[in-house]
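Asks:
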Amino acid sequence: MMPSHTATFTPDAVLSDALLVQRIAALSDKPALAELDGRHGMTLYAIAYSLLLEREAADEVVATAFREVWRSAASFGARGCTVRRWLADLTRRAAQEHLRAQPIIAPAVRPAGRGRGRTAERRASTTRALARRRRWAGALFQFARVAGILAIPAILLA
316 MMPSHTATFT PDAVLSDALL VQRIAALSDK PALAELDGRH GMTLYAIAYS LLLEREAADE
376 VVATAFREVW RSAASFGARG CTVRRWLADL TRRAAQEHLR AQPIIAPAVR PAGRGRGRTA
436 ERRASTTRAL ARRRRWAGAL FQFARVAGIL AIPAILLA
């Protein structure tokens, strides 16, 4: 019989997030990456969707964030933050890059005819509002980045 203080690894053992990142870095452990995705994927999707308001774009951003986890897992320990925070930062950064890559193009306004004037006005108004929203999103990214550097909880930015 084994002493009770001896730790054994079983498939059901729960590994910490930090240990999963270490396994990704040291062993290129795909199941560890899948486990991180299972634990944090929905939260990261919620972050991405709240910034982009598009399902497909949010999915792409989360996938980009996990590709970055795969590439930069070895440098995680030097960051001095939790895995959850690191994943959220990667997701926000990927969302910011996605927004930067999207051109802000005003749709052509059709000539006003019967009933079309109001529709054209609404479209133009919506386009202006979306442009303002994207500018604000960019500013919020910068605030979040500064808050991270200064160790100010992101909840205070809301």
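Numbers 316 to 473, taken from my numbering, label the letters of the sequence shown in order.
Glycine included, each C-beta is placed from N, C-alpha and C at the ideal position.
CB-CB under 6 Å to Asp374, same chain, minus the five flanking residues each way: which ones, in chain order?
Replies: Within the same chain, Asp374 has no close Cβ partners at all.
Asks: Candidates Ala466, Ala416, Val329, Gln337: which alpha carbon is nearest Val398's?
Replies: It is Gln337 whose Cα lies nearest to the Cα of Val398.
Asks: Quick check: the Cα distance between Ala452 and Glu350, rounded to an integer number of angstroms?
Replies: Rounded to whole angstroms, Ala452 to Glu350 spans 30 Å at the Cα level.
Asks: Excluding sequence positions up to five away, which residues of its chain have a Cβ less than 7 Å from the Cβ of Ala388?
Replies: Within the same chain, Ala388 has close Cβ partners Val336, Ile339, Ala340.
Asks: Would you kindly report the start and end of the unbroken alpha helix (DSSP H) that includes Leu330?
Replies: First-last for Leu330: undefined, no H or E at that position.
Asks: By Cβ distance, which residues of its chain are closer than 7 Å to Asp352, with the 5 residues on each side in sequence left out?
Replies: Contacts found: Phe381.
Asks: Whole angstroms are fine: how far does the CA of Arg449 sit from the CA of His331?
Replies: According to the sequence shown, residue 331 is Ser rather than His. Looking at the two C-alpha atoms, the distance is approximately 36 Å.
Asks: Among Arg443, Phe456, Arg386, Leu402, which residue has its Cα nearest to the Cα of Arg415?
Replies: If we check each option's Cα against that of Arg415, Phe456 comes out closest.
Asks: Just tell me which of Ala410, Arg433, Arg438, Pro418 has its CA closest to the CA of Leu368.
Replies: Among Ala410, Arg433, Arg438, Pro418, the Cα nearest to that of Leu368 belongs to Ala410.
Asks: At the level of alpha carbons, what is the spacing between Ala378 and Met357?
Replies: The straight-line gap from Cα to Cα measures roughly 12 Å.
Asks: To test your reading of the DSSP string, which unbroken alpha helix (DSSP H) runs of 4 or more residues are found completely within the segment 355 to 406?
Replies: Those alpha helix (DSSP H) runs which fall completely within the segment 355 to 406 and span 4+ residues are 370 to 387.
Asks: Is Ser440 helix, strand or coil by DSSP?
Replies: Here Ser440 sits in helix by DSSP.
Asks: Excluding the 5 residues flanking His355 on each side, which residues of the same chain have their C-beta closer than 7 Å to its C-beta?
Replies: Excluding residues within five positions, the ones whose Cβ falls inside 7 Å are Arg399, Leu402.
Asks: Would you call the CB atoms of Leu359 and Glu383 closer than 9 Å?
Replies: No.
Asks: Just verifying my parser: in three-state terms, what is the DSSP assignment at Ala466?
Replies: Correct three-state label for Ala466: coil.
Asks: Express the C-alpha separation of Arg386 and Leu334 in angstroms, rounding to a whole number.
Replies: So the two alpha carbons sit approximately 16 Å from each other.
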